[in-house]
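Visitor: Quick note: the sequence shown uses the working numbering, first residue 1200, plus one each step. No residue lacks a Cβ here, since even glycine has one placed at the ideal position from N, Cα and C. My questions all concern the structure below.
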Amino acid sequence: MNLYPTLQSHIEQAQALPISEERKAVLQVLIDYVQQKADQNQEINLNFICTHNSRRSQFSQIWGKVAAAFFGIDINSFSGGVEVTAFNERAVASIKRFGFKVSKEGDGNPKYFVFYSEDEAPIITFSKVYDDAANAPDGFAAVMTCSHADENCPFIPGAEARIPVRYEDPKAFDDTDQEAEMYDKRSMQIASEMLFVFSKIHKK
1200 MNLYPTLQSH IEQAQALPIS EERKAVLQVL IDYVQQKADQ NQEINLNFIC THNSRRSQFS
1260 QIWGKVAAAF FGIDINSFSG GVEVTAFNER AVASIKRFGF KVSKEGDGNP KYFVFYSEDE
1320 APIITFSKVY DDAANAPDGF AAVMTCSHAD ENCPFIPGAE ARIPVRYEDP KAFDDTDQEA
1380 EMYDKRSMQI ASEMLFVFSK IHKK
């Protein structure tokens, strides 16, 4: 897989980031789920869920897919929320800075086609509820990326596992001098952790 050069460089930076033992323990639950599915030759469906499906869950869907592809693991990566908003433009700007190529279709809640390699189909992202028809209806892990969604959605229909992997919301820095820096910091953290997860998966 030939990643775009800027993206390849950011992936190398992400792999060099330290991950605390506390975070590794959080991520181990996701590693175990993916490994079990791989061992059983079953489809791996991950649905990253956050309240508005606009920032953290979108970053996670994208980086989850790219990190899996980077290590040759075939997964289906989805995202959803409890309410529909839009893939936040600040988050879109951040993934562009990381070297993704992005095209946009529609207004209001547009679809974004996120390209990471000339050899691979784009990741299609837009804001939606977690049980949208675009997502797997069942047989998936619900990866809860924000505390609000985790605490307010005690039951996710169709999920065979529920795995909290929470991230701080970069929204707190909207319209400040630190906006771009903090969006990129969160994206880099998610990239680092998704790369760590899939680096631990052993293929048959």
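(1) Taking the runs of the alpha helix (DSSP H) that are 4 residues or longer, which of them lie wholly in the stretch 1293 to 1336?
(2) Since I believe residue 1371 is in contact with residue 1210 (beta carbons under 8 angstroms), could you give me their beta-carbon distance rounded to a whole number of angstroms?
(3) Cα separation between residue 1385 and residue 1277?
(4) What does a CB cutoff of less than 6 angstroms around residue 1300 pick up in its chain, not counting 5 residues either side in sequence?
(5) Three-state secondary structure (DSSP) at residue 1389?
(6) Please state whether the Cβ-Cβ distance between residue 1218 and residue 1359 is less than 8 angstroms.
(7) Just list the residues that DSSP pairs residue 1339 with in beta bridges.
(8) Any contact between the stretch 1322 to 1332 and the stretch 1280 to 1292? By contact I mean 3 or more CB pairs, one from each, below 8 angstroms.
(9) Check whether the Cβ atoms of residue 1394 and residue 1269 sit closer than 8 angstroms, and answer yes or no.
(10) Using the Cα positions of residue 1339 and residue 1247, report the straight-line distance between them to the nearest angstrom.
(11) In whole angstroms, give me the CA-to-CA distance for residue 1309 and residue 1286.
(12) Let me confirm a value: residue 1354 is counted as buried when at least 16 other C-beta atoms fall within 10 Å, else exposed. Which label applies?
Guide: Here's the rundown:
(1) none
(2) Contact flag wrong, Cβ pair sits at about 26 angstroms.
(3) 19 angstroms
(4) 1314
(5) helix
(6) no
(7) 1358
(8) yes
(9) yes
(10) 10 angstroms
(11) 8 angstroms
(12) exposed
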